[in-house]
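Colleague: Sequential numbering of the sequence shown, starting at 89, is according to our numbering. For glycine and all other residues, C-beta sits at the position ideal for the given N, C-alpha and C.
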Amino acid sequence: MRMGERAIGRAAFLGVVGAGVAGLFVGRDVVGALGRLVPDGVASIVPSSGWRIYTIGSSMPDVDPAAYRLRIDGLVERPVTYGLDDLRGMGLVEQVSDFHCVTGWSVSDVHWRGLRFGELLDEAKPLPGAAWLRFVSAEVPYDDILTMEQAMLPDVMLALDMDGGPLPRPHGSPARVVMPQMYGYKSVKWVDRIEVRRDFTPGFWEQRGYDSDAWVGDSNGY
Ligand SMILES: Nc1nc2c(c(=O)[nH]1)N[C@H]1C(S)=C(S)[C@@H](COP(=O)(O)O)O[C@H]1N2
Ligand SMILES: [Mo]
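(1) Would you report the Cα separation of SER147 and ALA212, rounded to the nearest angstrom?
(2) Taking 7 angstroms as the limit between beta carbons, can you name the residues of its chain near PRO268, skipping five residues before and five after?
(3) Taking MET236 as part of the alpha helix (DSSP H), name the residues at either end of that continuous run.
(4) Quick check: does the Cβ of GLY272 come within less than 8 angstroms of any heavy atom belonging to ligand 2?
(5) Can you look up SER307 in the DSSP assignment and give me helix, strand or coil?
(6) Return the first residue and the last residue of the alpha helix (DSSP H) that LEU172 is part of.
(7) Flag this pair as touching only if the segment 152–166 and the segment 215–227 have three or more C-beta atom pairs under 8 angstroms; answer yes or no.
(8) So, at 6 angstroms on beta carbons, what are the nonlocal neighbours of ALA263 in its own chain, with the 5 sequence-adjacent residues on each side left out?
(9) Just the C-alpha distance for TRP303 and PRO167, rounded to the nearest angstrom, thanks.
(10) May I have the straight-line CA-CA distance separating GLY297 from VAL198, to the nearest angstrom?
(11) Could you have a look at GLN269 and say whether DSSP puts it in helix, strand or coil?
So, in structure tokens, the structure goes:
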């Protein structure tokens with residue numbers, strides 16, 4: 089039963105990714121893609137570091153940092169919208185953590201700077217019953233969801249910076265979730281909306297057979 093679910097899940101993941109025109113840039117293609125898409129300084133660092141760049145579309149979102157708005161709404165006292173300057177004016181924290189994709193690759197010691205969700209939700213004030221945070225990507229229809237408790241764990245953040253510079257576009261500029269305790273599909277890139285919810289709703293990969301509780305080493309994608 090579990091094996092069957094796992095096989096279906098992995099097949100679905102690979103099938104959908106493979107079907108995309110540019111769903112996955114791997115190996116040497118990463119060099120070309122990043123070389124085109126990120127500043128030289130970053131491109132020289134990223135290709136050797138083991139990252140695979142994922143997107144579900146044929147091109148990744150190109151978000152103008154000046155026009156970027158993050159909306160926090162749903163089960164909150166006060167829906168709020170923040171620009172990048174607003175976010176950078178909050179209490180940014182730094183961390184070093186490992187990143188694991190369910191397909192089997194990992195990157196160690198990634199340096200992130202960003203916001204803890206406690207700080208980020210402070211002004212919006214989640215209402216009683218708020219139990220889930222759904223992260224909506226500018227890359228429609230990618231989304232994923234964490235329980236409020238999971239989102240408050242140490243080392244979970246909305247990252248704005250990575251390895252000493254602003255988040256590169258392929259990694260989700262200008263803001264992405266980082267949830268190191270779970271597989272990478274929980275770490276939504278190009279986040280432009282956080283919906284505070286009472287109830288669970290399955291994320292993009294969860295609709296395709298993956299666990300919502302995607303603990304590294306202990307979920308159906310392992
Ligand atoms: N919007 C969006 N976020 C996403 C994905 C995606 O395809 N689209 N892929 C996820 C998966 S499966 C992984 S492993 C990580 C990969 O992060 P990277 O592309 O920065 O290497 O992003 C996650 N977040
Ligand atoms: Mo992944």
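Modeller: The answer reads as follows:
(1) The count along the sequence shown starts at 1 and reaches residue 147 at position 59. The count along the sequence shown starts at 1 and reaches residue 212 at position 124. Taking the straight line joining both Cα atoms gives about 32 angstroms.
(2) Counted from its first residue, the sequence shown places residue 268 at position 180. Cβ within range, chain order: SER185, ASP186, PHE187 and ASP243.
(3) Here the question's residue 236 lines up with position 148 in the sequence shown. From DSSP, the alpha helix (DSSP H) with MET236 extends over 236–239.
(4) Locating residue 272 in the sequence shown gives position 184, counting from the first residue. Indeed, a heavy atom of ligand 2 lies less than 8 angstroms from the Cβ.
(5) Numbered from 1 along the sequence shown, position 219 holds the residue referred to as residue 307. SER307 falls in the coil class under three-state DSSP.
(6) Taking the sequence shown and counting its residues from 1, the one referred to as residue 172 is at position 84. Per DSSP, LEU172 belongs to the alpha helix (DSSP H) from 172–176.
(7) yes
(8) Here the question's residue 263 lines up with position 175 in the sequence shown. Within the same chain, ALA263 has close Cβ partners LEU246, LEU248 and VAL279.
(9) Locating residue 303 in the sequence shown gives position 215, counting from the first residue. Locating residue 167 in the sequence shown gives position 79, counting from the first residue. Their Cα atoms are separated by approximately 30 angstroms.
(10) Along the sequence shown, read from residue 1 onward, the residue named residue 297 stands at position 209. Along the sequence shown, read from residue 1 onward, the residue named residue 198 stands at position 110. Their Cα atoms are separated by approximately 28 angstroms.
(11) As a position in the sequence shown, residue 269 is number 181, starting the count at 1. If DSSP states are grouped into helix, strand and coil, GLN269 belongs with coil.
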